[in-house]
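In the UniProt record's numbering, the protein residues as written are 1 to 120.
Okay, here's the thing in structure tokens:
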């Protein structure tokens with residue numbers, strides 16, 4: 001008569017679930033950081049025309065540092081060349097080590113454009 005899963009089977013199942021959960025967390029963290037930076041870039045592009053380019057870069061680098069992402073000034077492009085619009089382009093790489101055996105790395109590009117609205 002089969003009485004269910006054994007004690008060893010339960011421990012093995014828990015270990016497998018923990019490994020899968022940890023791996024999922026490490027991958028999701030990279031994408032969550034992307035969402036956070038993308039949201040910050042989107043908010044900045046809305047109010048960006050009233051700030052100078054260096055202030056925008058410093059603000060984005062500061063926000064990236066808060067969530068352990070190394071943004072460099074040369075990877076942040078603040079573009080005023082398109083008529084009646086303002087653009088911020090950011091590219092960076094983020095990675096997560098999974099048990100020191102596998103590294104999940106990804107290159108992200110954030111490109112946000114907003115119209116410049118002037119109210120009289």
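Ideal Cβ placement from N, Cα and C applies to all residues, glycine included.
Among the options, the one whose alpha carbon lies nearest that of residue i
i          : options           : result
residue 32 : 112, 100, 101, 96 : 96
residue 53 : 109, 78, 6, 107   : 78
Exposed unless 16 or more other CB atoms sit within 10 angstroms - verdict on residue i
i          : result
residue 11 : exposed
residue 45 : buried
residue 9  : exposed
residue 21 : exposed
Close Cβ partners of residue i (< 6 Å) along its chain, the five nearest in sequence each way excluded
i           : result
residue 110 : 38, 41, 90
residue 87  : 79, 113
residue 57  : 73, 76
Short Cβ contact (8 Å threshold) for residue i with residue j
i           : j          : result
residue 108 : residue 34 : yes
residue 47  : residue 60 : no
residue 98  : residue 36 : no
Inter-residue CB distance, residue i and residue j (contact presumed, cutoff 8 Å)
i          : j          : result
residue 69 : residue 92 : 6 Å
residue 94 : residue 27 : About 11 Å separates the two Cβ atoms, so there is no contact after all.
Residue i Cβ short of 7 Å to the ligand PLP heavy atom set
i          : result
residue 65 : Among the components modelled here there is no ligand, and therefore nothing to report on the ligand PLP.
8 Å Cβ shell around residue i - same chain, five flanking residues per side excluded
i           : result
residue 66  : none
residue 116 : 49, 84, 85, 86
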